[in-house]
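In the numbering used here, the protein residues as written are 91 to 268.
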């Protein structure tokens, strides 16, 4: 849980750096976000290797993951507020961040309902679908011109993915009663 806490602290730092809204702080935020993502991977691996996994630790990790992703996109939206669409970027950051939180929630509901220990979205070649968040760092290094397309894609794509995931597994989420 200590690594998970460090992950949360670094994620908050990354979101704050993104929110400053300058090229320099987007760059720093990108690096801090990647460090945070590595802590996220390290905490789970350490727990498994040391056989110290627990339902409470998993829940804490999940809450920290949700907060990290949500806050990153909110920070990016705030940081882009002086750009071409002004404060709409803040709304887009909120939409993207909250939709990512919904995705995590829906996936956990599906996982709990299936109760078979398998991933809702299986890993491919050792990569989880949420490993795509590692791209936030390099995109932030480029600056606002690269973060705009990311924010727009996340504000549109994350809600659609949340809806699609719920629809795809609607039989698991909403079993028919006889």
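C-beta: ideal position from N, C-alpha, C; glycine also. The model shown is predicted, which means the values in this text are computed figures rather than measured ones.
Please classify residue i as buried or exposed, where buried requires at least 16 neighbouring CB atoms within 10 angstroms.
i	result
residue 149	exposed
residue 118	buried
residue 146	exposed
residue 165	buried
residue 140	exposed
For residue i and residue j, what's the separation of their Cα atoms in angstroms?
i	j	result
residue 111	residue 204	42 Å
residue 221	residue 267	37 Å
residue 180	residue 108	12 Å
residue 237	residue 91	31 Å
residue 124	residue 172	25 Å
residue 223	residue 167	16 Å
residue 162	residue 104	7 Å
residue 261	residue 188	24 Å
residue 130	residue 151	8 Å
Where do the ends of the alpha helix (DSSP H) carrying residue i lie?
i	result
residue 259	Premise fails: residue 259 is in no alpha helix (DSSP H) and is neither H nor E.
residue 94	92-110
residue 145	145-169
residue 131	113-139
residue 201	178-204
residue 228	226-232
Within the same chain, show all residues whose beta-carbon is closer than 7 Å to that of residue i, passing over the 5 residues directly before and after it, in chain order.
i	result
residue 154	94, 97 and 98
residue 157	98 and 101
residue 245	182, 185 and 186
residue 251	193
residue 121	227
residue 127	223 and 224
residue 177	171
By Cβ distance, which residues of its chain are closer than 6 Å to residue i, with the 5 residues on each side in sequence left out?
i	result
residue 240	229
Going along the chain, which residues of its own chain have a beta-carbon closer than 8 Å to the beta-carbon of residue i, five neighbours each way excluded?
i	result
residue 113	233 and 234
Are there three or more Cβ pairs, one per stretch, closer than 8 Å when the segment 193-200 is compared with the segment 122-138? no
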